[in-house]
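Asker: Residue numbers (my numbering): 34 to 101. We put the beta carbon where it would ideally sit given N, CA and C, even for glycine.
(1) In this structure, what does DSSP give as the bridge partners for residue 100?
(2) Where does residue 92 land, buried or exposed, given buried means 16+ other C-beta within 10 angstroms?
(3) Let's see if you can read the secondary structure: which residues bound the beta strand (DSSP E) around residue 43?
(4) Pairing CB atoms from the segment 42-54 with CB atoms from the segment 63-70, are three or more of them under 8 angstroms?
(5) Does the Cβ-Cβ distance between residue 87 and residue 78 come in under 9 angstroms?
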């Protein structure tokens, strides 16, 4: 599990300030701009109902991160 988190953290740092697709373990998908990468979580900016909101996602819940 730790190897997966290290890989995701490294990948997220490369994608900082770019448009990404984040797939969670439960199947949900978020598309937005990667704003912040911290030790345990990322924050992406997503547009909902014509308003930008920030969503905090822990690395444990992330299955994959790709460029949009």
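Answerer: On the basis of the supplied data:
(1) 53
(2) buried
(3) It is not in any beta strand (DSSP E) - residue 43 instead sits in the alpha helix (DSSP H) that spans 35-47.
(4) yes
(5) yes
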